Amino acid sequence: MTSTSHHSGFSSPTPTVIASPPQPNNQRQQEGAGDDGHRELNDTLIKPTQVSLSAPGKETNPNVVTWDDSNDPANPRNWSLKYRWFVTFLISVNNLNVTYSSSSPSTTAPFIAHDFHSSREVSYFVTSLFLLGYVFGPIFWGPGSEMFGRRAVLIPTLAAYTLFHLGQALAHNMATLLVTRFLSGFFASGPLNNSGGVMADLWDAAGRGPAASLLFTSIFLGPALGPVVSGFIVSSDAGWRWVFWVEMIFAGVCTIVSFFLMPETYGSYILQQKAKRLRKEDPVKNKDLRAEGEVKWTLDILLERTLYRPFKMLVQEPILVLVTLYTSMVYAVLYALFEAFPVIFIGHHKLSISHDGLIFLGVGIGTTLGAVSNLWIEGERYKYLIKHWRGFPPPEQRLYGAVIGGPLLVIGCFWLGWTGAYNQVPWYVPALSTIVIGAAIGLVYLSFLSYLVDTYLMFAASAFAANTMVRSATAAAFPLFTTQMFNNMGIQWAATLIGLIATVLAPIPLLFLKFGARIRTRSRFAPCIDLKIAKELEAEQAAREKDV
1 MTSTSHHSGF
11 SSPTPTVIAS
21 PPQPNNQRQQ
31 EGAGDDGHRE
41 LNDTLIKPTQ
51 VSLSAPGKET
61 NPNVVTWDDS
71 NDPANPRNWS
81 LKYRWFVTFL
91 ISVNNLNVTY
101 SSSSPSTTAP
111 FIAHDFHSSR
121 EVSYFVTSLF
131 LLGYVFGPIF
141 WGPGSEMFGR
151 RAVLIPTLAA
161 YTLFHLGQAL
171 AHNMATLLVT
181 RFLSGFFASG
191 PLNNSGGVMA
201 DLWDAAGRGP
211 AASLLFTSIF
221 LGPALGPVVS
231 GFIVSSDAGW
241 RWVFWVEMIF
251 AGVCTIVSFF
261 LMPETYGSYI
271 LQQKAKRLRK
281 EDPVKNKDLR
291 AEGEVKWTLD
301 ILLERTLYRP
311 FKMLVQEPIL
321 VLVTLYTSMV
331 YAVLYALFEA
341 FPVIFIGHHK
351 LSISHDGLIF
361 LGVGIGTTLG
371 AVSNLWIEGE
381 RYKYLIKHWR
391 GFPPPEQRLY
401 GAVIGGPLLV
411 IGCFWLGWTG
421 AYNQVPWYVP
431 ALSTIVIGAA
441 IGLVYLSFLS
451 YLVDTYLMFA
461 ASAFAANTMV
471 RSATAAAFPL
481 FTTQMFNNMG
491 IQWAATLIGL
501 IATVLAPIPL
511 LFLKFGARIR
521 TRSRFAPCID
531 LKIAKELEAE
541 QAAREKDV
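When we follow the UniProt record's numbering, the leftmost residue of the sequence shown carries the number 1, and every step to the right adds one.
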């Protein structure tokens with residue numbers, strides 16, 4: 001097989017390395033794939049040596065522009081380790097920024113309600129509408145990054161997200177505040193939605209674990225830090241508006257730094273720009289050159305990627321349905337805590353607003369411990385599995401963190417409710433439960449999202465889109481009734497209800513460990529590459545035994 005290698009201008013075809021993954025194992029999967037699926041696989045899984053995803057035995061098109069070779073410095077996978085970690089850190093700080101803003105105003109509700117002469121219930125929409133923006137944003141920013149590159153989405157959305165803080169800090173009525181909060185969330189989902197794609201651009205499966213752990217930690221550390229900082233702001237003479245000014249300053253710094261230092265990481269887009277440059281250099285000779293995965297976007301393709309396929313998967317895929325159900329509950333618990341903690345620690349244990357905000361540090365510590373623990377659980381074992389399974393171990397091997405995290409979430413909910421409800425129990429006893437809850441969230445969330453990536457491969461972006469929309473909508477709803485639920489049911493019984501729901505969902509990872517492979521064989525979207533490799537390994541083992 002050959003592929004066109006370009007250095008300056010158009011050169012003759014030269015040999016290149018082809019590392020095509022095994023093909024899907026049934027016709028239904030093949031029907032669900034197609035060229036766009038191959039392009040997404042290139043985006044999420046392609047190794048530095050993989051310059052084509054052509055089927056075995058099929059001649060590579062000489063007009064397809066690929067990387068010059070396996071060490072092409074233009075390929076983000078070939079950047080230095082330090083630089084890839086720098087970009088990972090930068091995108092993680094951006095995620096910390098936007099998730100910080102999602103929860104930071106949670107301490108301002110009574111002050112906003114007082115100044116705008118509105119009910120306390122209406123002020124809860126300040127958090128909920130920001131999260132509702134997360135629901136609609138991915139519809140635009142996901143395909144936007146595929147059409148125009150990661151950077152072209154990241155910088156404008158960060159800038160718009162920053163500017164809409166002006167409307168929040170200067171708002172003179174509730175309507176202005178709520179509209180600008182929704183728009184901030186809508187644009188904040190840009191960097192948040194593309195962060196997973198950047199990870200896939202930079203890291204292969206073997207190196208993605210530590211990077212994903214840092215990314216995940218930033219996503220959940222942000223909501224934990226928001227009430228800590230804002231609690232001290234509203235307790236000072238600065239006033240609640242400075243909560244939004246601080247958000248804007250933080251966002252502005254991230255925007256400026258990203259504008260100057262964030263590179264383009266999307267390999268497919270980089271190759272498209274390379275193809276355009278070559279066509280421009282010699283319009284006649286190079287007129288037929290196209291980048292691998294280059295798509296002529298139409299309305300049908302756009303709707304398929306953004307709306308049809310995610311919802312189709314959500315209806316047809318039992319794995320995605322159950323994972324989305326579980327992660328939505330976990331995400332909702334996190335945002336429910338923002339409204340439950342004041343009831344528990346201010347109402348019952350008489351802490352100040354600033355000290356109540358400090359309780360969220362437990363959640364941040366816990367989620368960090370959960371992410372690190374998940375990394376330890378996989379450890380050297382997963383490196384061996386990647387080698388043994390030729391880069392595609394069974395996705396179910398990602399689930400052991402969720403197996404541990406599920407029971408921890410149940411324990412944490414009961415611990416918080418039944419110790420937080422009684423004044424005679426010292427405040428630090430229920431506060432310690434937040435570390436357990438945070439660790440559970442970390443283990444469950446990171447484990448399941450890794451499972452979705454490994455299960456759906458080239459369709460992981462669509463699976464994430466469906467998961468994000470449902471998860472964000474659920475989290476947006478919970479703050480609207482959490483305070484009333486804890487006040488009317490009582491702290492212990494409200495927490496018990498959440499704990500019982502967590503108990504019902506806890507066996508889901510065990511279900512997948514036992515039946516996941518069987519379920520995947522019936523999927524139109526799960527390639528089941530590990531099952532094909534398993535057959536190859538069995539055949540090789542049988543051949544060796546026959547030779548002996």
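Just so you know, even glycine gets a beta-carbon here, dropped at the ideal spot from N, CA and C. All of these numbers come straight from a predicted model, not from anything done at the bench.
Terminal residues of the alpha helix (DSSP H) in which residue i lies
i: I353; result: I353 to L358
i: M469; result: A460 to M489
i: D115; result: A109 to D115
i: P138; result: F125 to F148
i: Y326; result: P318 to F341
i: D547; result: I529 to D547
i: E247; result: R241 to L261
i: Y266; result: Per DSSP, Y266 belongs to no alpha helix (DSSP H) and is neither H nor E.
i: I344; result: Premise fails: I344 is in no alpha helix (DSSP H) and is neither H nor E.
i: residue 550; result: Nothing can be reported for residue 550, as the shown portion of the chain is limited to 1 through 548.
i: R518; result: I508 to T521
i: T419; result: Y400 to G420
Reference residue i; option with closest CA among the options
i: V246; options: F478, K285, A466 and S101; result: S101
i: V98; options: S258, H355 and S189; result: S189
i: G197; options: T108, L178 and E264; result: E264
i: E380; options: L302, P210 and D72; result: P210
i: S230; options: L221, F220 and F244; result: F244
i: V504; options: Q397, M329 and P310; result: M329
i: L408; options: G391, L432, R390 and F392; result: L432
i: F448; options: V228, G490 and G516; result: G516
i: G226; options: D204, F250 and A206; result: F250
i: I519; options: R290, Q316, I256 and P310; result: Q316
i: L215; options: G370, V425 and I437; result: G370
i: A275; options: K285, M262, P426 and A291; result: A291
i: M174; options: T368, I112, F182 and V153; result: I112
i: P342; options: Q541, Y308 and P110; result: P110
i: Y269; options: I344, L513, G149 and N487; result: G149
i: S218; options: T298, A475, N193 and G364; result: G364
i: G406; options: L446, R390, V126 and I301; result: L446
i: L129; options: P393, K514, F187 and A212; result: F187
i: A473; options: D300, L302, L163 and T327; result: T327
i: A224; options: F116, L96 and N78; result: L96
Residue i - DSSP class collapsed to helix/strand/coil
i: A159; result: helix
i: R305; result: helix
i: L372; result: Reading off the sequence shown, one finds Val at residue 372, where the question assumed Leu. Three-state DSSP puts V372 in a helix.
i: V425; result: coil
i: V284; result: coil
i: I205; result: Going by the sequence as given, residue 205 is Ala instead of Ile. In the structure shown, A205 sits in coil (DSSP, three-state: anything other than H, G, I, E or B).
i: A291; result: strand
Pairwise C-alpha distance: residue j and residue i
i: G267; j: A477; result: 37 angstroms
i: R208; j: A200; result: 8 angstroms
i: V470; j: P509; result: 19 angstroms
i: Y400; j: A169; result: 44 angstroms
i: P527; j: Y451; result: 13 angstroms
i: S103; j: F338; result: 7 angstroms
i: I346; j: I353; result: 7 angstroms
i: R398; j: I377; result: 9 angstroms
i: V228; j: P283; result: 58 angstroms
i: R524; j: Y134; result: 27 angstroms
i: K58; j: F311; result: Low confidence applies to K58: its pLDDT is 41, below 50, so where it sits in the model is not reliable, and the reading given next is rough at best. So the alpha carbons of these two residues sit roughly 33 angstroms apart.
i: I155; j: W85; result: 20 angstroms
i: T483; j: H349; result: 16 angstroms
i: S236; j: L358; result: 15 angstroms
i: K280; j: Q273; result: 10 angstroms
i: D68; j: N286; result: 16 angstroms
i: residue 600; j: I529; result: Outside the shown range of the chain (1 to 548) lies residue 600, about which nothing can therefore be said.
i: Y384; j: A534; result: 15 angstroms
i: L443; j: A336; result: 19 angstroms
i: V323; j: P507; result: 12 angstroms
i: K296; j: A543; result: 46 angstroms
i: I437; j: N374; result: 15 angstroms
i: F459; j: R309; result: 9 angstroms
i: G185; j: T255; result: 15 angstroms
i: G417; j: I301; result: 48 angstroms
Beta carbon proximity, residue i to chain C, threshold 8 angstroms
i: P76; result: In the structure shown, chain C does not exist; there is a single protein chain.
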